[in-house]
Amino acid sequence: MPHSLADSSFFKGKFGDYLTALGALSLDDPNRNNIIIGDLITGRNNWVIFPEGAMIKTKKVIRSRNFMVNYPGREGPIHTGSAYLAVLSEFYKREIISAHRKGDKERVSDYLKRFSIETVDEISDRETVIIPTNLTYFPIRAGKNIIQTLASKLVKGIPERLEEELEIEGNLLFSDSDIHVTFGAQVRVRGFLDRYYFRKNKPLSSLTEYLRKLLYGDDPADFNLARISRRLTNNFMDRIYSMVTVNMDHLFSYALLSLNKKRTSDYLFKCKLFLACEEIKKEKRFNLHPSLDNLPIELVADEREKDYDNFEYLAIREGIIKKSDGTYFIDTHRLEMPHEFHKIRVENTIRVIVNEIENVKDLCRAIKKEFSRSHKKVRSKMANLISKMDQEMFKEDYDRYYKEELSKPKEVGAPFYLNPAKSKIGVLICHGYMSAPEEVRLLGDFLAKSGYSVYGPRLRGHGTSPYNLADVTWKDWYDSFNRGYTVLRNACERIVIGGFSTGGTLALLAAANKEGKIAGLFTVNAPLQLKNIKTKLIGPIHFWNEVLEKFNIEEGRLEYVDNQAENPEINYSKNSIKGLRELSLLMDKTRDSLGKVFAPALVIQEKNDPIVDPRSASIILDGISSKEKEFYAFEFNRHVILRKEGCEEVFVRIREFVDRVI
């Protein structure tokens, strides 16, 4: 079990006994160094040592020639103790073995006694190594917790320092926080010494005399151990600080510090944050928190995003941000306000988070670069980035799931963008379930000819093959919709969103989540209720499939059913049972969200729709809170009314609606 050092103030009463039982050793133990060196020489125990000499609660470490710290009781270079002990363990190991080979029993006995070693046979032939290790906590938040409450009841007069630590560390343990431990490449102490000491051909006798003086407390002036320890410390500390696990808190906090203006749009801030994250990912040399691997599109789609909202709340609570009508008013001076060392994590958490990454210079430069861009450049870069991202996702999915007998040509499934950035008005139109963007392309062309910028997203799982549909969820479809929205959000001034069939259902859900951000929405045969009674069996069938899958039973599964498509040149010929289950979940989610829709709405429904229960239109109209809502019914006796005979009648109604609401 690894052993570690702890402040002597903790070794009192039962708690001190508990720490000792866990392998902790007091910093003030008079035999501390000999115990550690003995463990390293023999390999009895590994040691966890914090080179900073204490918990640097401010996370403030300055890098000049050496790494410097500043905390109560100490200002200066980082302790070299861990390097010092590691180096001595290798020196003494060599010295003991050398003395043993020469038959110098007195010297061997002195060393073994000093380091509590029974025999020379216990000396390990493995070299001492240092493993640089970084611990990153996310998120760091203050607040009362069960450990703090319990400790205050059990122990009277808890020191202020310990109380603060219980508040922060207690929250890390009992809240939804991650502790990321990153281990770097080992530093071979023997190899280090071979390069920086023994290569100078110093005789072993010189080392022997040095060690004997050191052992008996004399001044070993002939050997510069301090210089070697400092060099070794700088080597592994540089690695430790560069291994920080970068998370949303780091990006947000350093971005606040980087801003050279006192006010900014919250949406512009989010876009810059998104772009900074994408640029950092390209570098592929930073240690990123998993949440940054695929940054939620909600962040830049005018929706709530959990991690971002959590930090925004912290910034507002600490007085660094004031928010009003979509504008941030930023007081960066509060980041620099002095705080007591043992209170800063509670009173100025954001400053602590900034300090944690300030030594990762390339990371900080990347954040500064994105936050120095103009509004116009940010919007252009965002629109291009997300549009390109959409195309790349389609290409990857198409290549992965392509089946010659089931897949359609690429142009059927690819997202489309018409009149990009040529209009201040954008219209988002989304296709339906088991279909592809080509399904709504005629409507897109019609609206583009009317002067609008039009984006047709491809819902994940669609436009490739039915097997792709089985590997996605309704949330993936919604993310696809939001990517299309984000393109237009950055390319246009006003946006109308809509869709056919499932695309219309997604438009309703998006409208519910983007209150005040859209000019209007339209739906065409949007399902909140399906017509075929067999669809009610989807839940039990899906459950049965999951049971069989859990036990690796292939026989008896019903994963796909044949689909008689109206437009076989576009639609899948097979339907995924899992896909139908996701559609059912989407309809439930949307139905529950209708009351949050306030935007002007146009609802179009085919009276004799063979797929969607026409009562879905009534559910929509009765459920939404829009003051302006229109309804049109058509009678074409088919589901896909955006293609074939009579479709232009529908197009005209949609264009008239868009003209009116913008």
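To convert, count from 1 in the sequence shown and add 771; that's this note's numbering.
For every residue, glycine included, the Cβ atom is placed at its ideal position computed from N, Cα and C.
Residue i to residue j, Cα distance in whole Å?
| i | j | result |
| --- | --- | --- |
| valine 1117 | aspartate 1080 | Annotation note: pLDDT 49 at valine 1117 (below 50); position unreliable, no value reported. |
| tyrosine 1343 | leucine 1030 | 50 Å |
| glycine 962 | isoleucine 1138 | 37 Å |
| leucine 964 | valine 858 | 8 Å |
| phenylalanine 782 | asparagine 817 | 21 Å |
| tyrosine 908 | methionine 1019 | 12 Å |
| arginine 1075 | tyrosine 1256 | 15 Å |
| alanine 1372 | alanine 1388 | 12 Å |
| alanine 1486 | asparagine 1065 | Since the first residue of the chain shown is 772 and the last is 1433, residue 1486 is not available in this structure. |
| alanine 1150 | alanine 1047 | In the sequence as displayed, the identity of residue 1150 is arginine instead of alanine. Rounded to the nearest angstrom, the two C-alpha atoms are 13 Å apart. |
| glycine 1327 | serine 1355 | For glycine 1327, the predicted model reports a pLDDT of 45, less than 50, meaning its position is unreliable; a value from the coordinates is still stated below. About 23 Å. |
| glycine 1291 | isoleucine 1433 | 8 Å |
| aspartate 1102 | leucine 1365 | 39 Å |
| serine 860 | leucine 811 | 6 Å |
| arginine 815 | alanine 1086 | 47 Å |
| alanine 1335 | isoleucine 1382 | In the sequence under discussion, the amino acid at residue 1335 is glutamine, which differs from the alanine named in the question. Rounded to whole angstroms, glutamine 1335 to isoleucine 1382 spans 11 Å at the Cα level. |
| threonine 880 | phenylalanine 1007 | Contrary to the premise, residue 880 reads as serine rather than threonine in this sequence. So the two alpha carbons sit approximately 34 Å from each other. |
| histidine 1146 | glutamate 1050 | 17 Å |
| aspartate 1170 | valine 1421 | 35 Å |
| alanine 1192 | serine 1143 | 23 Å |
| aspartate 1216 | arginine 1426 | 12 Å |
| leucine 1392 | glutamate 1069 | 26 Å |
| glycine 1090 | phenylalanine 1023 | 15 Å |
| leucine 1319 | glycine 1203 | Per-residue confidence for leucine 1319 stands at a pLDDT of 39, beneath the threshold of 50, marking its modelled position as unreliable; no derived number is given. |
| glycine 1269 | valine 1071 | 19 Å |
| leucine 776 | valine 819 | 7 Å |
| phenylalanine 1045 | isoleucine 1092 | 19 Å |
| aspartate 1161 | aspartate 1250 | 10 Å |
| aspartate 1009 | isoleucine 849 | 12 Å |
Report the option in the options whose CA atom is closest to the CA atom of residue i.
| i | options | result |
| --- | --- | --- |
| threonine 1294 | Val1267, Thr907, Lys1288 | Val1267 |
| arginine 1056 | Asp896, Val1017, Val1071, Phe1271 | Val1017 |
| threonine 899 | Tyr863, Val1374, Ser1024 | Tyr863 |
| isoleucine 1196 | Glu1264, Asp1170, Ala1278 | Glu1264 |
| leucine 1156 | Lys1043, Arg1105, Thr1244, Leu811 | Lys1043 |
| phenylalanine 1082 | Ile1433, Tyr1238, Ile1124, Arg1150 | Ile1124 |
| threonine 1361 | Tyr1249, Thr1276, Ile894 | Thr1276 |
| valine 960 | Arg1002, Arg1254, Ile1382 | Arg1002 |
| asparagine 802 | Lys884, Tyr789, Leu793 | Lys884 |
| tryptophan 1245 | Thr1035, Cys1048, Met1358 | Met1358 |
| asparagine 1379 | Leu796, His1410, Phe886 | His1410 |
| histidine 951 | Asp788, Ala1026, Ile1011 | Ile1011 |
| methionine 1014 | Lys1033, Lys1053, Ala956 | Ala956 |
| asparagine 1338 | Lys1400, Arg1414, Phe1405, Gln1376 | Arg1414 |
| isoleucine 902 | His871, Glu1419, Glu1399, Thr1004 | Thr1004 |
| glutamate 1167 | Lys1148, Gly1222, Thr1235, Asn1130 | Thr1235 |
| tyrosine 1173 | Gly1270, Lys1094, Gly1090, Asn1239 | Asn1239 |
| leucine 1177 | Lys1093, His1233, Lys1398 | His1233 |
| methionine 772 | Thr791, Glu1399, Ile849, Ser780 | Thr791 |
| threonine 813 | Ile868, Met1160, Thr1120, Gly1269 | Ile868 |
| lysine 1052 | Asp1133, Gln1376, Lys1094, Ile1200 | Asp1133 |
| serine 780 | Leu798, Tyr789, His774 | Leu798 |
| glycine 1394 | Ile1412, Asp1363, Arg1424, Asp1384 | Asp1363 |
Grab the span of the beta strand (DSSP E) containing residue i for me, first residue to last.
| i | result |
| --- | --- |
| histidine 1202 | That residue, histidine 1202, is in no beta strand (DSSP E); it is neither H nor E in DSSP. |
| phenylalanine 1347 | Looking at the sequence itself, residue 1347 is serine, so the reference to phenylalanine does not match. Run containing serine 1347: 1345-1347, per the beta strand (DSSP E) assignment. |
| alanine 1297 | It is not in any beta strand (DSSP E) - alanine 1297 carries neither H nor E in the DSSP assignment. |
| valine 1374 | 1372-1377 |
| lysine 1400 | 1400-1405 |
| tyrosine 908 | 904-909 |
| threonine 953 | 949-954 |
| serine 887 | Note, serine 887: premise wrong, no beta strand (DSSP E); not H, not E. |
Starting from residue i, follow the alpha helix (DSSP H) in both directions and report where the run begins and ends.
| i | result |
| --- | --- |
| lysine 785 | 784-792 |
| histidine 871 | 852-873 |
| arginine 1254 | 1245-1262 |
| asparagine 1334 | Looking at the DSSP string, asparagine 1334 is not in any alpha helix (DSSP H), and its letter there is neither H nor E. |
| serine 1062 | From DSSP, serine 1062 is part of no alpha helix (DSSP H); its letter is neither H nor E. |
| glycine 1184 | 1181-1184 |
| leucine 1392 | 1386-1394 |
| arginine 1212 | 1212-1220 |
Completely contained beta strand (DSSP E) runs for the stretch 1001-1050, where each covers 3 or more residues: 1034-1036
Inside the stretch 1078-1160 only - beta strand (DSSP E) runs reaching at least 3 residues: 1092-1095, 1098-1101
With three or more beta-carbon pairs closer than 8 Å as the criterion, would you say the stretch 1195-1210 touches the stretch 1343-1360? A contact exists between the stretch 1195-1210 and the stretch 1343-1360.
On the three-pair Cβ rule with 8 Å, is the stretch 1184-1199 touching the stretch 1224-1242? Yes: the two stretches touch, three or more of their Cβ pairs being nearer than 8 Å.
For the stretch 795-825, list the beta strand (DSSP E) runs that are entirely contained and at least 3 residues long, ordered along the chain. 795-797
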